[in-house]
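>
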Amino acid sequence: MSLKAVVRGCGAYLPERVLTNLELSKTVDTTDEWIRERTGIEERHIAAEGEKTSDLGAAAAKAALEAAGMNASDIDLVVVATTTPDLTFPSTAAIIQAKLGIEQGAAFDLQAVCTGFIYAMSTVEKFLACGQHKRALVIGAETFSRILDWEDRSTCVLFGDGAGALVLEAQDESTANGRGLMGDYLRCDGRMVDLLYVDGGVSSTKTTGHVRMQGNKVFREAVTRISEAMERVAENAKIDVRDIDWFVPHQANARIIQGVVRKLDLRRDQVISTIAGQGNTSAASIPLAYCQGVADGRIKEGDLVLLEAMGGGLTWGAALLRA
Ligand code: ACO
26 MSLKAVVRGC GAYLPERVLT NLELSKTVDT TDEWIRERTG IEERHIAAEG
76 EKTSDLGAAA AKAALEAAGM NASDIDLVVV ATTTPDLTFP STAAIIQAKL
126 GIEQGAAFDL QAVCTGFIYA MSTVEKFLAC GQHKRALVIG AETFSRILDW
176 EDRSTCVLFG DGAGALVLEA QDESTANGRG LMGDYLRCDG RMVDLLYVDG
226 GVSSTKTTGH VRMQGNKVFR EAVTRISEAM ERVAENAKID VRDIDWFVPH
276 QANARIIQGV VRKLDLRRDQ VISTIAGQGN TSAASIPLAY CQGVADGRIK
326 EGDLVLLEAM GGGLTWGAAL LRA
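Taken in order, the sequence shown gives residues 26 to 348; the numbers are from this note's numbering.
Structure follows, in structure tokens:
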């Protein structure tokens with residue numbers, strides 16, 4: 026018996042507070058025009074005082090369970106991709122598990138910055154495929170606003186808060202109708218740590234630190250590495266990358282996404298983009314965009330969807346699934 030990890034439902038949550046480019050331009054030396062032209066971002070959501078990553082993640086997970094027609098007793102694995110945990114320990118996954126009333130199975134966090142959701146999907150697929158767990162919540166949740174230097178215009182304009190979640194279920198390949206995760210490709214090159222990092226941490230400064238990025242250097246790496254990962258995943262699944270129905274990219278920069286679309290000869294109308302209204306929500310951006318595609322009726326059961334991300338590490342990767 027061969028088991029596939031099939032998406033049964035998805036959910037999203039965005040904090041109420043919206044921060045526009047115009048508002049930002051009153052506190053840092055930037056303009057709405059610069060941010061739109063260089064990134065495609067118009068506004069982003071910011072978590073309220075006291076609203077934690079686990080609150081965002083639990084809200085998205087609840088919506089995903091509802092969409093899947095499941096409840097807490099159906100889930101035996103919770104994996105949270107996040108760079109902004111509530112606490113250094115225990116994991117945000119453990120906190121979310123309790124908030125959802127899940128009393129069985131395992132829960133842990135996974136850290137691969139903006140590539141976290143791809144790493145989490147890949148990890149969970151292995152847990153489900155080997156039969157160890159049956160149904161998983163894969164959550165990307167971030168309060169990146171808490172690790173931004175709000176005086177650094179080169180980073181604070183880019184990020185936002187939010188959470189997205191998918192319910193993945195192990196199903197026998199013979200009855201899955203070709204649905205499920207079809208493959209993934211994960212990479213990391215730790216020699217590029219200095220391009221994108223946080224200047225603090227438990228064992229170094231005993232502080233949380235702030236995001237530091239050599240944005241133009243990351244930008245230069247992005248299109249080539251992301252495209253290569255997408256081509257590799259498609260090739261392994263024996264499909265042409267242009268045969269996909271939907272491209273759900275990590276929402277770091279509209280220019281990176283357009284560069285990948287051009288390089289791989291995809292169509293612009295295949296892209297699910299949320300960047301204008303959400304900015305870069307790190308590990309949450311892929312499930313948020315996926316949910317957007319499902320909610321507005323673009324992504325339908327049986328569609329071929331290609332996901333990709335690049336983030337601190339540098340880490341990058343891609344995943345292919347049949348919805
Ligand atoms: N407003 C106005 N001017 C600005 C701003 C701003 N918000 N930010 C930077 N500038 C200025 C710079 O100071 C610089 O000025 P100078 O020429 O006088 O020195 C000029 O704009 C150009 O700066 P660049 O950094 O070269 O601008 P670029 O076109 O590369 O855009 C950006 C910057 C948007 C950050 C881009 O490089 C980018 O998107 N990089 C990739 C980000 C990414 O993919 N990150 C990975 C995921 S995030 C994660 O893992 C946590």
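Where a beta carbon is used, it is the ideal one built from N, C-alpha and C, also for glycine.
This structure is a prediction, so every number in the text was calculated from the model and none was measured.
Go to R160, then tell me how far its beta strand (DSSP E) extends in each direction, as first and last residue.
On the sequence shown, residue 160 is found 135 positions in, with the first residue counted as 1. Element bounds for R160: R160 to T168.
> What are the boundary residues of the beta strand (DSSP E) that W341 is part of?
As a working mapping, residue 341 is identified with position 316 in the sequence shown. Element bounds for W341: T340 to R347.
> Please find out if some non-hydrogen atom of the ligand ACO comes closer than 7 Å to the beta-carbon of R63.
As a working note, residue 63 is residue 38 in the sequence shown. Yes, the ligand ACO has a heavy atom inside 7 Å of this Cβ.
> Output the distance between the C-alpha atoms of G82 and I269, rounded to the nearest integer angstrom.
In the sequence shown, residue 82 corresponds to position 57, counting from 1. In the sequence shown, residue 269 corresponds to position 244, counting from 1. G82 and I269: Cα-Cα distance of roughly 29 Å.
> Buried or exposed: which applies to V227, given that a residue is buried once 16 or more other Cβ atoms fall within 10 Å of its Cβ?
By one-based count along the sequence shown, residue 227 stands at place 202. Classification of V227: exposed, given that the 10 Å Cβ count is below 16.
> So D101 and T78 are in contact, right, with Cβ under 8 Å, and what is the actual spacing, rounded?
As a working note, residue 101 is residue 76 in the sequence shown. As a working note, residue 78 is residue 53 in the sequence shown. Not a contact, Cβ separation roughly 22 Å.
> Roughly how many whole angstroms lie between the Cα atoms of G337 and L221?
Taking the first residue of the sequence shown as position 1, residue 337 is located at position 312. Taking the first residue of the sequence shown as position 1, residue 221 is located at position 196. Roughly 5 Å separates the two Cα atoms.
> Please find out if some non-hydrogen atom of the ligand ACO comes closer than 7 Å to the beta-carbon of W175.
Locating residue 175 in the sequence shown gives position 150, counting from the first residue. No.
> Please report how far the alpha carbon of A72 lies from the alpha carbon of R323, in whole angstroms.
Taking the sequence shown and counting its residues from 1, one reaches residue 72 at position 47. Taking the sequence shown and counting its residues from 1, one reaches residue 323 at position 298. Answer to the nearest angstrom: the Cα atoms are 28 Å apart.
> List the residues that DSSP assigns as beta-bridge partners of W271.
Residue numbering aside, residue 271 sits at position 246 when the sequence shown is read from its first letter. W271 pairs with V330.
> For the candidate residues A190, L193, V192 and R171, whose alpha-carbon lies nearest to that of F184?
Taking the sequence shown and counting its residues from 1, the one referred to as residue 184 is at position 159. It is R171.
> Give me, in chain order, the residues of the same chain whose beta-carbon lies closer than 7 Å to that of G304; leave out the 5 immediate sequence neighbours on both sides.
For the purposes of this step, residue 304 is taken as the residue at position 279 of the sequence shown. So the list reads I66, R69, L183, F184 and G185, once near-sequence residues are dropped.
> Figure out for me which residue from E246, F272 and G240 has the closest Cα to the Cα of M255.
As a position in the sequence shown, residue 255 is number 230, starting the count at 1. Here the closest residue by C-alpha is F272.
> Does the distance from the CB of A348 to the CB of V43 come in under 8 Å?
Residue mapping note: residue 348 aligns to position 323 of the sequence shown, counting from 1. Residue mapping note: residue 43 aligns to position 18 of the sequence shown, counting from 1. Going by C-beta atoms, A348 is not nearer than 8 Å to V43.
> Please classify S27 as buried or exposed, where buried requires at least 16 other C-beta atoms within 10 Å of its C-beta.
On the sequence shown, position 2 is the one that residue 27 refers to. By the 10 Å Cβ count, S27 comes out exposed.
> For the segment 73-101, list the alpha helix (DSSP H) runs that are entirely contained and at least 4 residues long, ordered along the chain.
Correct list: 78-93.
> Give a yes or no on whether the C-beta atoms belonging to G342 and D209 are separated by under 8 Å.
If you number the sequence shown from 1, residue 342 lands on position 317. If you number the sequence shown from 1, residue 209 lands on position 184. The answer is yes: Cβ separation under 8 Å.
> Taking E128 as part of the alpha helix (DSSP H), name the residues at either end of that continuous run.
Start at 1 with the first residue of the sequence shown, and residue 128 comes out as number 103. E128 -> no alpha helix (DSSP H), and no H or E assigned at all.
> Indicate the three-state DSSP secondary structure (helix, strand or coil) for V53 in the structure shown.
One-based indexing of the sequence shown puts residue 53 at position 28. Three-state DSSP puts V53 in coil, outside helix and strand.
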